[in-house]
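Contents: one structure, followed by commentary.
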Amino acid sequence: MKKKASLLVSFFIVGIAVLGFQGTAFTGGGMPGPSADALWSYISQTHDYTDWPFYPGYEGMYPGKSPHGAHLKLYANEVAYEAAKNGQPMPDGAILVKENYGKDKQTLKAITTMYKVDGYNADAGDWHWAKLGPNGEAMAAGKVASCIGCHKQMGGGDYVVTEAK
Ligand code: HEC
Numbered sequence: 023m024k025k026k027a028s029l030l031v032s033f034f035i036v037g038i039a040v041l042g043f044q045g046t047a048f049t050g051g052g053m054p055g056p057s058a059d060a061l062w063s064y065i066s067q068t069h070d071y072t073d074w075p076f077y078p079g080y081e082g083m084y085p086g087k088s089p090h091g092a093h094l095k096l097y098a099n100e101v102a103y104e105a106a107k108n109g110q111p112m113p114d115g116a117i118l119v120k121e122n123y124g125k126d127k128q129t130l131k132a133i134t135t136m137y138k139v140d141g142y143n144a145d146a147g148d149w150h151w152a153k154l155g156p157n158g159e160a161m162a163a164g165k166v167a168s169c170i171g172c173h174k175q176m177g178g179g180d181y182v183v184t185e186a187k
């Protein structure tokens, strides 16, 4: 009797877990954790960044500055786009994805991202930074001092250098 009851309870728990998992799959899932791999699968598979709007005022390709690519494309997810457009601070969950191209405008050299995660790094605007190769391989990621240092100098308070138009 006892065994049967605990078996029922286990089925119940497994059932809930399966339903819960499907639920997140159906709603598109939660946000990724602050890691280059989780972010890459989110922006390349479940929420393809190339379907996102361009950062306001930067449609298509535009010339970049050192140390990033000679030519750039800058994408923003919905919350980042809305905030930039309305001149508001970037909220939790904001993601900026920048494709950095070479001088030929065709060779994708690197993808650089900024992803705001509440409580991740309160000392530096809670941004998770990543530099990825053209196929998503992480070259630098996390609380990267060089990204933070330069963006702090140039980034008007919240580390975002590019001003929305
Ligand atoms: C020496 C200065 C410098 C360093 C180091 C640097 N950046 Fe930037 N970054 C800039 C400048 C200037 C811009 C705006 C012009 C451009 O995009 O080229 C920018 C733009 C960006 C943008 C577009 C949003 C914005 O802030 O304008 C992202 C995303 C980005 N950088 C990510 C990174 C990451 C990730 C790193 C570290 C791996 C990094 N950056 C290191 C200077 C720097």
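Numbering (my numbering), first residue to last: 23 to 187.
From the three backbone atoms N, C-alpha and C, an ideal C-beta is built for every residue, glycine too.
Check                                                                                                                                                                                                         : Outcome
When we look at the beta-carbon of Asp114 and count the other beta-carbons within 10 Å, is it buried (16 or more) or exposed?                                                                                 : exposed
Are there 16 or more other CB atoms within 10 angstroms of the CB of Met112, so buried, or fewer, so exposed?                                                                                                 : buried
DSSP three-state call for Gly50: helix, strand or coil?                                                                                                                                                       : For Gly50, the predicted model reports a pLDDT of 40, less than 50, meaning its position is unreliable and no value from the coordinates is stated.
Just the Cα atoms here: how many angstroms apart are Leu91 and Leu130?                                                                                                                                        : Per the sequence shown, residue 91 should be read as Gly rather than Leu. Each residue's alpha carbon lies about 9 angstroms from the other.
Rounded to whole angstroms, what is the Cα-Cα separation between His173 and His150?                                                                                                                           : 13 angstroms
Evaluate Asp148 with the Cβ neighbour count: other Cβ atoms within 10 Å of its Cβ, from every protein chain shown; 16 or more gives buried, anything less gives exposed.                                      : buried
Using 8 angstroms as the cut-off, can you tell me whether the region 156-174 makes contact with the region 52-70, which would need three or more C-beta pairs spanning the two stretches below that distance? : yes
For Glu121, collect the residues of the same chain with a Cβ closer than 7 angstroms to its Cβ; drop the 5 residues on either side in sequence, then sort them by chain order.                                : Leu94, Lys95, Leu130, Ile133
Which word fits Asn108, buried or exposed, when buried means at least 16 other C-beta atoms lie within 10 angstroms of its C-beta?                                                                            : exposed
Given this structure, state the Cα-to-Cα distance separating Ile171 from Lys138, to the nearest angstrom.                                                                                                     : For the record, residue 171 in the displayed sequence is Gly; it is not Ile. Distance between the alpha carbons of Gly171 and Lys138: 17 angstroms.
What is the rounded straight-line gap between the Cα of Gly82 and the Cα of Gln175?                                                                                                                           : 27 angstroms
Which runs of the alpha helix (DSSP H), 4 residues or longer, sit entirely within the region 74-149?                                                                                                          : 100-107
Starting from the Cα of Gly179, find the closest Cα among Asp145, Asp140, Gln128 and give me that residue.                                                                                                    : Asp145
Flag Asn157 as yes if its beta-carbon sits less than 8 angstroms from any beta-carbon of chain D, otherwise no.                                                                                               : Note that chain D does not occur in the displayed structure, where there is just one protein chain.
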